[in-house]
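Written out below as structure tokens is the structure these notes cover.
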Amino acid sequence: MHLLITGASGLLAREFAPLARQAGWRVDAVPRSGLDITDREAVMTAVRRTKPDGVVNLAAFTDVDRAEAEFARACAVNAEGAGHLAEAAAEVGAVMVQLSTDYVFGGEAAVPYRIDSPPDPVNCYGRSKLRGEIAVRERSPHHLIVRTSWLFGAGGPNFVDSMLVLGRRFRQRGDPLRVVDDQRGRPTWTRSLAEILVALLERDVRGTVHASNDGDASWYELARAALRLAGIQVSMEPVTGSEFPRPARRPGYSVLDLTCLEEALGRRPPHWRSALARYLGAGSGLASPPVPQGGES
């Protein structure tokens, strides 16, 4: 299999591209500087030239708060860019793989969101990603849309690394670390997700799939687990999201139902706690600057 991967310098691509090569696939991984997916002609030229069997779009506008002020830019990347890639993939007969997010859902549910649950995004980032899903479905007959959530991993800013940095800082100051406890989702290690993507492609899975680590948590629970694993003893205080006013509203509950993933793979994915332990055991990217209560998909 020959894959064209966009967003090669991003958090997920750093894990996925090497695993794809280990699977024996030919990989052309291009960073944002190498291909502007908002430029339709550039996209068509790149895909026609490489003629891949699959286009894996890992390029995205992921700053949830900034998307509120820059919705047009978020849509240009997350929706129009995805559409250009899907159109090009369809022209050369390639499968189009699009990463999406739990933030396409509104957060009012009490049970995990199924793949056919009605989307109802509460922020501009979620709306832009939903538009991307629609564009891919409309333009590519052979597509795989993978919704994921709460990514953490090496190679870039993410919530887990930020909490470790802040935990050390607050311990030195003697102040409690306050973390949001009324938002729930599925934390996902980028390596686990990369392994899932390889498995889905090996099995020729098509349509829409929810993919994350198993188990769910609040941001507070995730931070507490990370700090304990890292041996950082700091006082912690659970707080509500309203105590951290931010430009973009977050869904209160965005846990994804993994039934279709389990059926496709024949197994449940690893629990986020075991994935977190593996990540921290391998050494996290603490050179990254802290990001505020984020690290979302």
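Each step along the sequence shown adds one to the number in our numbering, with nothing skipped, and position 94 is 96. For every residue, glycine included, the Cβ atom is placed at its ideal position computed from N, Cα and C.
{"query": "G254 and R188 closer than 9 angstroms at C-beta", "result": "no"}
{"query": "Pick from Y105, D259, P143, G157 that is closest to R133, judged by C-alpha positions", "result": "Y105"}
{"query": "Unbroken alpha helix (DSSP H) run spanning S130, endpoints", "result": "126 to 141"}
{"query": "Sequence-distant residues of its chain with Cβ nearer than 8 angstroms to R205 (five each side left out)", "result": "A266, L267"}
{"query": "At least three beta-carbon pairs within less than 8 angstroms, the region 148 to 165 to the region 220 to 237", "result": "yes"}
{"query": "Contacting residues, own chain, Cβ-Cβ under 8 angstroms from P130 (five flanking each side not counted)", "result": "Per the sequence presented here, residue 130 reads as Ser, with Pro not at that position. F63, A69, F73, A76, C77, V79, N80, A81."}
{"query": "In chain order, each beta strand (DSSP E) run of at least 3 residues that lies wholly inside the region 160 to 218", "result": "179 to 182, 209 to 212"}
{"query": "Exposure label - S237; buried when at least 16 CB within 10 Å", "result": "exposed"}
{"query": "Neighbour-count burial assignment, L6, 16 or more Cβ in a 10 Å radius", "result": "buried"}
{"query": "Extent of the continuous beta strand (DSSP E) run through Q100", "result": "97 to 103"}
{"query": "Cα-Cα separation, G36 to M46", "result": "14 angstroms"}
{"query": "Of the listed residues D67, P247, V97, L13, nearest to M3 (C-alpha basis)", "result": "V97"}
{"query": "Terminal residues of the alpha helix (DSSP H) in which V45 lies", "result": "42 to 52"}
{"query": "Rounded separation between G170 and A15 - CA only", "result": "Before going further, note that residue 170 is Arg rather than Gly in the sequence given. Cα to Cα, the separation comes out at about 29 angstroms."}
{"query": "Reduced DSSP secondary structure (H/G/I, E/B, other) of H145", "result": "strand"}
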